[in-house]
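Asker: The numbering of the sequence shown is the numbering used here, which starts it at -18 and goes up by one.
Don't be surprised by glycine CBs; every beta carbon is placed ideally from N, CA and C.
Mind having a look at this structure? Questions to follow.
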Amino acid sequence: MSELYEEEQFIYNQVPVRVFRHEFHGADIYTPLHWHRNIEFNLVTKGRICMIVDGNAQEMYPGSWCVANSSELHSNHWIDIEDHFEGIAVQISKSFMDHWMGQDVRFVYPADPDAAKEIENALITFGRYYSRKTISNLEKMEYVFHFLILLQKHCVERKAAGGKSQKSVNNVKNIIQYIDEHYKESLNLADISEKFHYTSAHFSRMFKEHMGYNFYAYIQNVRLMHCVEEMKANPGIRLLDCAVDNGFPNVKSFIETFKKSFGCTPSEWLKKERTRKS
């Protein structure tokens, strides 16, 4: 499981961009909630995936793309457990973008379908260019600036007043960090609200607004994904041990949560995984 916050480690690279080509199947189509300074563009090339960015969930299919601006919480997961997903992710240094585009800029999906198609094609080209071993850094930078021109033309939105406050955003990040560090323990809404100096009602509303999940659903999802990681690493693990070790009060709660997400019991899922990999 990756950390909630990912450092921007490529700020001083000659080409301040990272490009990833993804191919996942089934339960492997999952990235836990996290954030980072760099700006990330995600494109689906095959299959489908559900992306959650800044509390907003959307199902994405071939040709669909989305952007996670700097410091926006985002995650993804399968839509159906039998899904297959392939895609391209392009991460660009926030410091580099600030220098060329301005610090008060955020990027949005354009209303014009032709503009959206231009960005799609640009992301495909990123994936193609950056997989070539012979391309020079100068050629890469030429394409980076071409991409920035497209963004400036179609996707720039100046940050407006009245949106989610930076204070509440930071508080939510601290809350998520706390949950990720203590998910094995007994956590309830009243105690977490008090710890972070909110009333239970306000905390519940704020959490759902920022996360797209209610508080208890998020905790159960975190616990579930840790269980899945253990099941992948050790297919012979006892379900009771897996459940209790990852914060579920009992194996019944684990199985019910698992069935709700995967459409089958943990035992049935393990059997399918063994068959698929054999």
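Determine the contact status of Phe88 and Val25, defining contact as a CB-CB distance below 8 Å.
Answerer: Against the sequence shown, residue 88 aligns to sequence position 107. Against the sequence shown, residue 25 aligns to sequence position 44. Their beta carbons are not under 8 Å apart, which means Phe88 does not touch Val25 by this criterion.
Asker: Which residues bound the beta strand (DSSP E) around Ser56?
Answerer: Residue mapping note: residue 56 aligns to position 75 of the sequence shown, counting from 1. His55 to His58 is the span of the beta strand (DSSP E), which, as asked, contains Ser56.
Asker: Hey, could you find the ends of the beta strand (DSSP E) Cys47 is sitting in?
Answerer: Against the sequence shown, residue 47 aligns to sequence position 66. Counting along the chain, the beta strand (DSSP E) containing Cys47 begins and ends at Trp46 to Ala49.
Asker: Touching or not, the stretch 68 to 84 and the stretch 120 to 135, by the rule of three or more beta carbon pairs under 8 Å?
Answerer: Touching, yes, given that three or more Cβ pairs across the two stretches are closer than 8 Å.
Asker: I'd like to know whether the C-beta atoms of Trp59 and Ile33 end up nearer to each other than 8 Å.
Answerer: Translated into the one-based positions of the sequence shown, residue 59 becomes position 78. Translated into the one-based positions of the sequence shown, residue 33 becomes position 52. Result no, Cβ atoms of Trp59 and Ile33 do not sit closer than 8 Å.
Asker: Take every Cβ of the stretch 107 to 124, pair it with every Cβ of the stretch -7 to 11, and state whether three or more of those distances are shorter than 8 Å.
Answerer: In short, these stretches touch, since the Cβ pair count reaches three.
Asker: Considering only the alpha carbon of each residue, which of Leu104, Leu119 and Asn202 lies closest to Lys165?
Answerer: Counting from one through the sequence shown, the residue named residue 165 turns up at place 184. Ranking the options by Cα distance to Lys165, first place goes to Asn202.
Asker: Could you give the residue range of the alpha helix (DSSP H) that holds Tyr11?
Answerer: Translated into positions along the sequence shown, residue 11 becomes position 30. Unbroken run through Tyr11 is the beta strand (DSSP E), Tyr11 to His17; no alpha helix (DSSP H).
Asker: If you reduce the DSSP assignment to three classes, tell me which class Lys189 lands in.
Answerer: Along the sequence shown, read from residue 1 onward, the residue named residue 189 stands at position 208. Three-state result, Lys189: helix.
Asker: With distances taken between CB atoms, is the gap from Asn23 to Lys75 smaller than 8 Å?
Answerer: As a working mapping, residue 23 is identified with position 42 in the sequence shown. As a working mapping, residue 75 is identified with position 94 in the sequence shown. In this structure, Lys75 does not lie closer than 8 Å to Asn23 by Cβ.
Asker: With 16 other CB atoms within 10 Å as the buried threshold, where does Glu21 fall?
Answerer: What you label residue 21 is simply residue 40 of the sequence shown in a count that begins at 1. Buried, since its Cβ has 16 or more Cβ neighbours within 10 Å.
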